[in-house]
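Asks: Provided herewith is a single structure, encoded as C-alpha cells, for subsequent inquiry.
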Amino acid sequence: VAFMETYDTRKDLAPRDVVARAIELEIKKQSPTQKYVYLNATHLGKKAFETEFPNIYQACKSVGIDPLRDHIPVVPAAHYFCGGIDVNAHSQTSLKGLYAIGECSHTGLHGANRLASNSLLEALVFAHRAAVKVAAQLASESADRPFLEALPPWQHALGDLDKSRKAIRAVKKELQQLMSAKAAIFKTNLGLQEAEFSLRELYEISQHWYQNKKLSLEICELRNLVNVAYLIVKQSQTIEENRGGFYNKDLQKTMPKNAQEA
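Mapping to the numbering used here: the sequence shown position 40 is 1193, numbers consecutive.
And the structure:
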C-alpha cells in the first residue's frame, strides 16, 4: 500500500529526508522482524531499467529480484555527507597543502539536504579549481624538496592476519549497528550520549590495532570510520534545531519549511 501521501503532498517526489523518515516510521509500524518497505517500480519496463538504472537493475538481479515483476525491498541508508571538511573556493583546507574534494568537503553548495546531482557539480567544479591551484603552487616551489626529518619506522606485530580480519569485521559491524540505532534518521539526546560513550571504546580498540598491528586497508578504514562516526555524534550534540536531513526528537525548534528548501 502506498504511504507517502500520508506524509507529504509531493508523495514520492518529496525531499530525501522526508521520504527517509517516512520509510523509517512505516518500518517501525510493522512487526519486529520487518526490516524494510517495498518499492514498486514494475511500471518502468525493461528498457528504462537497462538504460536509466543499469546498476540497480543488475544489483537486483544478482540477489534474485526481478524488478520488472518483483517489488524491491528498500531501507534508508547513509551514502553521502551534507557537509564535511571546510574548504575555500579552491578546495583548500586549513592545513597547507591539503585539499578536500567531493563527499568529504564542505563547499557551501549543499543546504540542509543534498540536491540531485550536486555531487557531480562538486566533482567537476572543485576538482578543476583545485587542480589549477595545485599546478600553480607546484610551479612556484621546488618539487624535490627533502623531508625535514626522517619518518620513524612503523612498529607492528604480524600476528594472525585471518583472525585480525575477523575481529575487524566484528567491530565494524558493531559500529554500523551503533550508528544506525543511535545516530541515524531519528536521534535523541540520550542516544547520542550513549553513542559517544560506545565510540570512545571502539576508538581505543581501533587505535590500538592501528599502532600495534601490521598496517592494512581494513585497519585504516576501521580507524577512519570510528573517527568520522565520533565527529558526527559530537557535531549532532551541538545542533539546536532540526533542518533537512538532521532530526532530533528532543529538539523543539525546526527550521521554517521555506528555509529548509532554500
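By construction, the Cβ of each residue, glycine as well, lies at the ideal position given by its N, Cα and C atoms. Since the structure is predicted, the reported quantities are computational estimates derived from the model, not experimental observations.
Alpha carbon to alpha carbon, what distance is there between His1263 and Asp1161?
Replies: 22 Å
Asks: Could you tell me if Gly1217 is buried or exposed, where buried requires 16 or more neighbouring beta carbons within 10 angstroms of its beta carbon?
Replies: exposed
Asks: With H, G and I counted as helix, E and B as strand and the rest as coil, what does DSSP make of Tyr1356?
Replies: Three-state DSSP puts Tyr1356 in a helix.
Asks: Per the DSSP calculation, Ile1180 is bridged to which residue(s)?
Replies: BP columns for Ile1180 are empty, so no partner.
Asks: Distance, Cα to Cα, Lys1214 vs Pro1220?
Replies: 8 Å
Asks: Taking 7 Å as the limit between beta carbons, can you name the residues of its chain near Glu1137, skipping five residues before and five after?
Replies: The shown model of the chain, from 1154 to 1415, leaves out residue 1137, and the question about it has no answer.
Asks: Expressed to the nearest angstrom, what Euclidean distance is found between the alpha-carbon atoms of Thr1159 and Phe1202?
Replies: 28 Å
Asks: Just to confirm my understanding: we take His1224, look at its own chain, exclude 5 residues before and 5 after, and list those with CB closer than 7 Å. What are they?
Replies: Cβ within range, chain order: Tyr1191, Leu1192, Asn1193.
Asks: When the Cβ atoms of the region 1231-1240 are set against those of the region 1254-1261, are three or more pairs found closer than 8 Å?
Replies: yes
Asks: Can you name, in chain order, every residue of its own chain whose Cβ lies under 6 Å from the Cβ of Arg1376, other than the five neighbours on each side?
Replies: Setting aside the 5 residues that flank it on each side, Arg1376 is surrounded in the same chain by Ser1359, Tyr1363, each with a C-beta closer than 6 Å to its C-beta; the list follows chain order.
Asks: Which residue or residues does DSSP assign as beta-bridge partners of Asp1239?
Replies: Its beta-bridge partners are His1259.
Asks: Are Leu1370 and Leu1328 touching if we call contact CB-CB under 8 Å?
Replies: no
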